[in-house]
Ligand code: FES
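Numbering (my numbering), first residue to last: 49 to 187.
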């Protein structure tokens with residue numbers, strides 16, 4: 049696949065694809081005219097890169113994971129499942145954080161504002177401040 053085809057299908061700009069290649073996250077071959085040609089399996093790598101960045105992994109962390117994939121053949125579902133175990137843990141942790149955030153939007157988060165009716169029950173006279181700074185129920 050050409051870089052513009054990969055860019056169109058993955059939704060990632062060609063400049064970012066070239067950057068991922070510079071960082072060793074994806075690889076390409078050169079055609080007779082010197083243009084990059086990517087195997088179709090690159091699309092899955094790109095999808096993982098984008099997903100992993102969304103859950104807060106750095107490009108270095110992503111590269112460490114993607115480096116575990118075989119390079120001499122197209123990675124199988126099993127190869128990928130070995131990767132995603134670690135990422136699943138991070139996804140679960142992220143989901144738990146988001147759930148806390150969601151819950152906090154409608155209840156006291158122990159931040160000291162005492163502005164909700166609920167604060168007077170959950171954090172009377174800001175008692176949780178004894179445990180430290182910040183939204184204690186979120187931390
Ligand atoms: S939300 Fe701030 S102290 Fe309850």
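Heads up, the beta-carbon is just placed ideally off N, CA and C, and yes, glycines get one too.
- DSSP places residue 92 in the helix class (H, G or I) of the three-state scheme.
- The beta carbon of residue 74 sits closer than 6 Å to those of 68, 90 and 93, all from its chain and outside the five residues before and after it, given in chain order.
- DSSP places residue 121 in the coil class of the three-state scheme, outside both helix and strand.
- The shortest C-alpha to C-alpha distance from residue 112 to any of 87, 71 and 140 is the one to 71.
- Taking 8 Å as the cut-off, the beta carbon of residue 171 is found no closer than this to the beta carbon of residue 152.
- When only Cα atoms are considered, residue 108 and residue 138 end up about 16 Å apart.
- Secondary-structure assignment with DSSP links residue 77 through a beta bridge to 85.
- Shown here for residue 58: same chain residues with a beta carbon closer than 6 Å to its own, the five before and five after excluded, namely 91 and 94 in chain order.
- The DSSP assignment places complete alpha helix (DSSP H) segments of no fewer than 4 residues inside the region 102-167 at 107-114 and 125-153, in order along the chain.
- Taken from the Cβ of residue 169, every heavy atom of the ligand FES lies 7 Å or farther away.
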